[in-house]
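*Asks:*
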Amino acid sequence: MRTKPELTTAIRTGRRAVLLVNAHSRRGRRLYPEVLRRVEAAGFELLGRFPVEDPNELRNSLGAATELGPDLLIVGGGDGTIGAAARHLAHRDVALGLLPLGTTNNFARTLHIPLDLDAAVAILTGGKVIDVDLGLAGDMPFANHIGVGLSAEIFAKAPPRLKKVIGRLAYPATAMALLTRHRPMRVTVRTDGRSHVYVTHQLYVANGGFHAGRPITADADADDRLLVAYPVGDAKRTRLMRETARNASTGHRRSHGEEPFLATDEIWLETDRPMPIEVDGEPRGYTPLRIGLAANALRVMAAADTVDR
């Protein structure tokens, strides 16, 4: 495994990369030719190009991309695509290059990657390699968050036809339909030798600093060796909606040392009945679940002045 400065030098001088873009999404399909043009104009020698049009092929495409031996895997897409790439690249001697093409772009925001395409490409040519933490849902790495409760049901039950017609608006529409009959859950979070009990419709465990495109707290990021667990509201449905709005509007002013946040590096999570889990927006089974942290597990190309812990 090369050092981070050695890998940075290899990327800046050799420009050996592979480009993978989620071309299944409407935005990715539309922008793929322009992304390709700008990456090549930046001087990258592309060992391979993977416009992934079938989500079921993403895993195979990631495997084929790394087998080509790049120093940098440039990934264009939203949090689902980038999260899958992060899982694949964990503990590898390949850096992840981010081109945020999604709606919320939580991981890119956490790492201060510009949402403008030209500025994001400039990070790839003039930035440096840093390493950041990944969460662990059981043994599976994740980049952004785990959701337990209502959010997992939303991702599992949002109708594919509705998602195709109205995109991400299908999720709030599905949420409103599910919330009227959703039962609250009793959640026990065990960490640092203590138990914390919540009765709520929704609980998140975040690795990064953003959720739904908004800051979780002012001091949460993906390089602090911490997970941040927090319920959203209580047993009342109206409180869930109010707390969701409050989190979105005040996250940049709050600290993970405040209530109701729990900042730690390992969690055992139990519920009063098996509850569905979503990991970075993908359904991933049911509780109970151990959630851990893989420190400095992922190498990423970031701005040259980024603080790397």
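In full-length UniProt numbering, the protein residues as written are 1 to 309.
Glycine included, each C-beta is placed from N, C-alpha and C at the ideal position.
Could you pull out every residue in the same chain whose Cβ sits closer than 7 Å to the Cβ of H196, ignoring the five residues on either side in sequence?
*Replies:* Excluding positions up to five away in sequence, the list reads V189 and L262.
*Asks:* Note down the Cα distance separating A266 from G138, rounded to an integer number of angstroms.
*Replies:* For the sequence presented, residue 266 should be read as Glu rather than Ala. Going by the C-alpha atoms only, they are around 11 Å apart.
*Asks:* To which residues of the same chain is A90 closer than 8 Å at the C-beta, ignoring the five residues directly before and after it?
*Replies:* L134, P141, A294, A297 and L298, listed in sequence order.
*Asks:* Indicate the three-state DSSP secondary structure (helix, strand or coil) for T306 in the structure shown.
*Replies:* T306: coil per DSSP, three-state reduction.
*Asks:* Helix, strand or coil, according to DSSP, for S195 in the structure here?
*Replies:* The answer is strand: DSSP assigns S195 an E or B state.
*Asks:* Once the 5 residues before and after R49 are set aside, which same chain residues still bring their CB inside 6 Å of it?
*Replies:* So the list reads L19, once near-sequence residues are dropped.
*Asks:* Tell me the rounded alpha-carbon separation between F107 and I11.
*Replies:* Roughly 21 Å separates the two Cα atoms.
*Asks:* Return the CA-CA distance between P51 and H201, expressed in angstroms with no decimal places.
*Replies:* Their Cα atoms are separated by approximately 38 Å.
*Asks:* Let me know the beta strand (DSSP E) ranges lying completely inside the region 255-309, each 3 residues or longer, listed in chain order.
*Replies:* If we require 3 residues or more, the beta strand (DSSP E) runs fully inside the region 255-309 come out as 262-264, 267-271, 276-279, 282-286 and 289-302.
*Asks:* State the Cα-Cα distance for the pair A17 and D305, rounded to the nearest angstrom.
*Replies:* Near 22 Å, if we compare the C-alpha coordinates of D305 and A17.
*Asks:* Could you check if H112 is buried or exposed, using at least 16 other CB atoms within 10 Å of its CB as the buried criterion?
*Replies:* When all chains shown are included, H112 counts as exposed.
*Asks:* Could you check whether M185 and Y271 sit closer than 7 Å to each other, using their CB atoms as the reference points?
*Replies:* The question names Tyr, yet the displayed sequence has Thr at residue 271. Result yes, Cβ atoms of T271 and M185 sit closer than 7 Å.
*Asks:* Are the CB atoms of D221 and T81 nearer to each other than 7 Å?
*Replies:* Not in contact: D221 and T81 (Cβ atoms no closer than 7 Å).
*Asks:* Which residues bound the alpha helix (DSSP H) around residue 310?
*Replies:* The chain is shown from 1 up to 309; residue 310 falls before or after that span and cannot be answered.
*Asks:* Can you list the alpha helix (DSSP H) stretches of 4 or more residues lying completely in the UniProt domain "DAGKc" (12-141), in chain order?
*Replies:* For the UniProt domain "DAGKc" (12-141), whole alpha helix (DSSP H) runs of length 4 or above, ordered along the chain, are 26-41, 58-67, 79-89, 106-110 and 117-126.
*Asks:* Got a sec? Which residues, its chain only, sit under 8 Å from H24 by beta carbon, not counting five neighbours each side?
*Replies:* Closer than 8 Å at Cβ, skipping near neighbours: V52, E53, D54 and P55.
*Asks:* When you compare the CB positions of G76 and L62, do they come within less than 7 Å of one another, or not?
*Replies:* Contact: no.
*Asks:* With H, G and I counted as helix, E and B as strand and the rest as coil, what does DSSP make of I166?
*Replies:* At I166, the pLDDT of 48 sits below 50, so the modelled position is not reliable and the matter cannot be decided from this model.
*Asks:* What are the start and end residues of the beta strand (DSSP E) that includes A206?
*Replies:* Counting along the chain, the beta strand (DSSP E) containing A206 begins and ends at Q202 to A206.
*Asks:* Which residues mark the beginning and the end of the alpha helix (DSSP H) in which N247 is found?
*Replies:* Note, N247: alpha helix (DSSP H), R237 to T250.
*Asks:* Our contact map puts V300 next to A95 with C-beta atoms below 8 Å; I'd like the distance itself, whole angstroms only.
*Replies:* Right, their Cβ atoms sit about 6 Å apart.
*Asks:* Within 10 angstroms of its Cβ, does R284 collect 16 or more other Cβ (buried), or is it exposed?
*Replies:* Under this definition R284 is a buried residue.
*Asks:* Is the Cβ-Cβ distance between F44 and R2 less than 7 Å?
*Replies:* The answer is no: Cβ separation not under 7 Å.
*Asks:* According to DSSP, is I216 helix, strand or coil?
*Replies:* Coil.
*Asks:* For I277, I'd like the list of residues in its chain whose CB is within less than 8 Å of its CB, leaving aside the five on either flank, ordered along the chain.
*Replies:* Hits under 8 Å: A137, I146, G147, V148, A152, P283, R284, G285, Y286, T287 and L289.
*Asks:* Straight-line CA distance for A206 to V228?
*Replies:* About 5 Å.
*Asks:* Look at the alpha carbon of G28 and the alpha carbon of L150, and state the distance between them as a whole number of angstroms.
*Replies:* Taking the straight line from one Cα to the other gives about 28 Å.
*Asks:* May I ask you to report which of helix, strand or coil DSSP gives T188?
*Replies:* If DSSP states are grouped into helix, strand and coil, T188 belongs with the strands.
*Asks:* Please state whether the Cβ-Cβ distance between R38 and V121 is less than 7 Å.
*Replies:* Yes, the Cβ-Cβ distance between R38 and V121 is below 7 Å.
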